[in-house]
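In terms of this note's numbering, the sequence shown opens at residue 434 and continues consecutively.
Beta carbons are placed, not taken as given, at the ideal position from N, Cα and C, and that holds for glycine.
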Amino acid sequence: MEISDNFFEIFGLPVSFDLDMSLLSDRYRTMQRQFHPDKYAGKSAREQRLAEQYAATVNQAYNELKSPLLRAQYLLKLKGVDDAANETAITRDPGFLMEQMGLREALSEVRGADDPYAELENINENAVSHYGRLQHEFSENLSSGEMAQACETVAKMQFFSKLISEIHELEHELDE
434 MEISDNFFEI
444 FGLPVSFDLD
454 MSLLSDRYRT
464 MQRQFHPDKY
474 AGKSAREQRL
484 AEQYAATVNQ
494 AYNELKSPLL
504 RAQYLLKLKG
514 VDDAANETAI
524 TRDPGFLMEQ
534 MGLREALSEV
544 RGADDPYAEL
554 ENINENAVSH
564 YGRLQHEFSE
574 NLSSGEMAQA
584 CETVAKMQFF
594 SKLISEIHEL
604 EHELDE
């Protein structure tokens with residue numbers, strides 16, 4: 434049994450931000466079956482341990498590739514770009530910082546709104562739309578070799594990914 438260290442190679446996919454997600458899911462399920470512990474129950478302890486390690490690697494690869502943010506970060510890592518640069522990248526964009534503060538303020542005011550669900554839906558639509566545009570922007574940055582811009586875009590993606598998670602958490606809280 435051999436398994437690659439490159440998550441894209443594991444699934445036989447091109448090293449690209451733009452992936453066929455249904456193909457990724459299909460190949461993931463195939464590999465899950467291939468390395469399922471039940472298939473190795475009668476094998477040696479070494480083979481069982483290897484299958485377990487491969488299954489863990491396949492799971493990690495799938496989780497990183499299915500998430501746009503994690504996939505973008507992984508691609509930067511493959512390109513040798515230091516992830517620490519992402520943290521300071523957005524501080525150079527005052528427009529983004531102002532927008533971020535506005536969205537955070539709007540989210541904090543949802544509970545007191547006349548229709549909190551409608552407010553939350555508006556914020557969510559805005560955040561999801563921005564996140565989609567940033568994914569497209571990252572893909573273009575990567576394709577054109579603009580690594581500094583790609584890092585800045587990933588930093589912005591981190592903000593919107595976290596904001597979308599917080600929106601969903603608040604939605605669950607409102608449902609309770």
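Runs of the alpha helix (DSSP H) spanning 4 or more residues and lying entirely within the region 491 to 547 occur at 501 to 511, 518 to 522 and 527 to 541, in chain order. The DSSP-derived three-state label of Leu446 is coil. Comparing alpha carbon positions, the residue from Ile600, Ala488 and Thr490 closest to Pro549 is Ile600.
Per DSSP, Asp608 is one residue of the alpha helix (DSSP H) stretching across Met580 to Asp608. Judged by DSSP secondary structure, Leu575 falls within the alpha helix (DSSP H) whose first and last residues are Pro549 to Ser576. Here Pro501 is buried: its Cβ has 16 or more other Cβ atoms, across all protein chains shown, within 10 Å. Under the three-state reduction of DSSP, Asp453 is assigned to coil, being neither helix nor strand. DSSP places Asp459 within a helical segment (H, G or I) once states are collapsed to three. Phe440 carries a helical assignment under DSSP once its states are collapsed to helix, strand and coil.
Closest by C-alpha distance to Ala505, out of Gly578, Glu609 and Ala583, is Ala583.
Taking a contact to require three or more Cβ pairs closer than 8 Å, the region 566 to 583 and the region 537 to 553 do not qualify as touching. In this structure, the straight-line span from the alpha carbon of Ala494 to that of Ser455 is close to 15 Å.
When the five nearest sequence neighbours on each side are left out, the beta carbons in the same chain lying within less than 7 Å of the beta carbon of Glu604 are those of Leu553, in order along the chain. Three or more Cβ pairs closer than 8 Å define a contact, and the region 533 to 542 meets that threshold against the region 584 to 599.
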